[in-house]
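>
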Amino acid sequence: MEQTLIDPASFARLKTLIYDLAGIDIKPGKEALVSGRLQKRMRELGIDSFKHYLDRIAADPEGDEVVLLLDAISTNVTSFFREAEHFALLKTETARWVAAGQTRFRVWCAASSSGEEPYTIAMTMMEAFGGRKVDLRILATDISTRVLEMAKRGTYAASAINNVPPDLRKKWFVPDGDGRLVRVKDELRALVTYNRLNLAKPPYPMKGPIDVVFCRNVMIYFDNQVRSRIIGEVRRLVRPGGLLCVGHAESLSTLQGDLLNVQAAAYRIPG
Ligand SMILES: C[S@@+](CC[C@H](N)C(=O)[O-])C[C@H]1O[C@@H](n2cnc3c(N)ncnc32)[C@H](O)[C@@H]1O
Numbered sequence: 003m004e005q006t007l008i009d010p011a012s013f014a015r016l017k018t019l020i021y022d023l024a025g026i027d028i029k030p031g032k033e034a035l036v037s038g039r040l041q042k043r044m045r046e047l048g049i050d051s052f053k054h055y056l057d058r059i060a061a062d063p064e065g066d067e068v069v070l071l072l073d074a075i076s077t078n079v080t081s082f083f084r085e086a087e088h089f090a091l092l093k094t095e096t097a098r099w100v101a102a103g104q105t106r107f108r109v110w111c112a113a114s115s116s117g118e119e120p121y122t123i124a125m126t127m128m129e130a131f132g133g134r135k136v137d138l139r140i141l142a143t144d145i146s147t148r149v150l151e152m153a154k155r156g157t158y159a160a161s162a163i164n165n166v167p168p169d170l171r172k173k174w175f176v177p178d179g180d181g182r183l184v185r186v187k188d189e190l191r192a193l194v195t196y197n198r199l200n201l202a203k204p205p206y207p208m209k210g211p212i213d214v215v216f217c218r219n220v221m222i223y224f225d226n227q228v229r230s231r232i233i234g235e236v237r238r239l240v241r242p243g244g245l246l247c248v249g250h251a252e253s254l255s256t257l258q259g260d261l262l263n264v265q266a267a268a269y270r271i272p273g
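Going by the numbering used here, the first residue of the sequence shown is number 3, and it counts up by one from there.
Structure (structure tokens):
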């Protein structure tokens, strides 16, 4: 099949479908990008028209193909210690909370992709605990069951941990396969629980109180209506004094409300 541009009617239908399914706002002008990504999937399925592909999605909105469609539309790109300033803040804040006597820590990583981010959170907090016995649990969620499976496995290309500090590399990873892979140690994996959660469909099933939420590099896909619903849920779940980190390209601006800006793309819940 030649690369063809999606027709306006199918693009409009896709836009509505994706928004209803995942709150993802496909902007005008993305026709070429979307066409290329969808056609790759359509070729794999032997489907030759956008209309037929969208009919298939609409017929089974809870099905596996939806996950693959969303994966094609959004990106799962992530890395260990991405936007490292947030982890420096997390380490300082955690150490401060520990010094104040806190022993129970709950963290939510709201678009965890393939797990690099929640494992970085886990390594960072363990560093800050400095060997003290504490109760730490990290909930990591994503809409994509495909990336959640990768995250649970905790196996990565050896090159993926190049920007993990050498002492942490040694402490938390073991070689896997023929040496081209590394695996997160069970002890670290045990701190993270993975679940599917669609950020566009509040209320979320958690109760809180949560100390820290990482919701990074996903807000960018949403319009202000969806973003404000997410912030509302974060406000419900995070304890006063707790933190919210968003991606560096995603400052909350008009949605900040009474959240305190502690550093770039990091906010404290007042109280
Ligand atoms: C670019 S990755 C960001 C990963 C990580 N937070 C980071 O900053 O490195 C975006 C992730 O958001 C997820 N996502 C997209 N729409 C979502 C939704 N409605 N609810 C939950 N996750 C969503 C995608 O599946 C993808 O894994």
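All C-beta atoms, glycine included, are put in the ideal place defined by N, C-alpha and C.
Per DSSP, what kind of secondary structure is residue 197 in: helix, strand or coil?
Correct three-state label for residue 197: strand.
> For ligand 1, I want to know if residue 119 counts as a neighbour, meaning its beta carbon is within less than 7 angstroms of at least one of the ligand's heavy atoms.
Correct: residue 119 has its Cβ closer than 7 angstroms to ligand 1.
> Any idea if residue 41 is buried or exposed, counting beta-carbon neighbours within 10 angstroms, 16 or more meaning buried?
Result: buried.
> Just mark residue 144 as buried or exposed, buried being the case when its beta carbon has 16 or more other beta carbons within 10 Å.
The residue is buried, with at least 16 neighbouring Cβ atoms inside 10 Å.
> Could you give the first and the last residue of the continuous beta strand (DSSP E) run that contains residue 244?
Residues 240-248.
> Considering only residues of the stretch 86-153, which uninterrupted alpha helix (DSSP H) runs meet the minimum length of 4 residues and lie entirely inside it, listed in chain order?
As far as the stretch 86-153 is concerned, its whole alpha helix (DSSP H) runs of at least 4 residues are 87-101, 118-131.
> Count the other CB atoms, across all protein chains shown, that sit within 10 Å of the CB of residue 213; report buried if there are 16 or more and exposed otherwise.
Flag for residue 213 reads buried.
> What does the Cβ neighbour count give for residue 31, buried or exposed, with the cut at 16 atoms within 10 Å?
Classification for residue 31: exposed.
> Using DSSP bridges, identify the partner residues of residue 263.
Residue 263 pairs with 269.
> Could you check the C-alpha separation between residue 166 and residue 83 for me, to the nearest Å?
Computed Cα separation, rounded: 7 angstroms.
> In angstroms with no decimal places, state the Cα-to-Cα distance between residue 201 and residue 232.
Rounded to whole angstroms, residue 201 to residue 232 spans 7 angstroms at the Cα level.
> If you draw a straight line from the C-alpha of residue 79 to the C-alpha of residue 99, how long is it?
For residue 79 and residue 99, the distance between alpha carbons rounds to 31 angstroms.
> Put residue 214 into one of helix, strand or coil per three-state DSSP.
Reduced to three states, the DSSP call for residue 214 is strand.
> Looking at C-beta atoms only, is the number of pairs between the stretch 239-249 and the stretch 125-143 that lie closer than 8 angstroms three or more?
Contact between the stretch 239-249 and the stretch 125-143 is absent, because fewer than three Cβ pairs lie under 8 angstroms.
> In terms of residue numbering, what span does the beta strand (DSSP E) encompassing residue 175 cover?
Counting along the chain, the beta strand (DSSP E) containing residue 175 begins and ends at 175-178.
> Please state whether the Cβ-Cβ distance between residue 59 and residue 67 is less than 8 angstroms.
In contact: residue 59 and residue 67 (Cβ atoms closer than 8 angstroms).
> Take residue 8 and list the residues in its own chain whose beta-carbon comes closer than 8 angstroms to its own, dropping the five residues that flank it on each side.
Cβ within range, chain order: 16, 33, 36, 37, 40, 52.
> Considering just the uninterrupted stretch of the alpha helix (DSSP H) at residue 16, what are its terminal residues?
That run of the alpha helix (DSSP H) goes 10-24.
> Which term fits residue 182, buried or exposed, when burial requires 16 or more other beta carbons within 10 angstroms of its beta carbon?
Looking at its Cβ environment, which holds fewer than 16 other Cβ atoms inside 10 Å, residue 182 is exposed.
> I need the straight-line Cα distance from residue 97 to residue 270, nearest angstrom please.
So the two alpha carbons sit approximately 16 angstroms from each other.
> Quick one: is the Cβ of residue 106 within less than 7 angstroms of any heavy atom of ligand 1?
No, since every heavy atom of ligand 1 falls outside the 7 angstroms radius drawn around the Cβ of residue 106.
> Under the assumption that residue 197 contacts residue 141 (Cβ atoms under 8 angstroms), give the Cβ distance between them as a whole number of angstroms.
Right, the Cβ-Cβ distance comes to about 7 angstroms (below 8 angstroms), so this counts as a contact.
> Is it right to say residue 6 is buried, meaning 16 or more other beta carbons lie within 10 angstroms of its own, or is it exposed?
Under this definition residue 6 is an exposed residue.
> Tell me whether residue 54 is buried or exposed, calling it buried when 16 or more other Cβ atoms sit within 10 Å of its Cβ.
Exposed, because fewer than 16 other Cβ atoms sit within 10 Å of the Cβ of residue 54.
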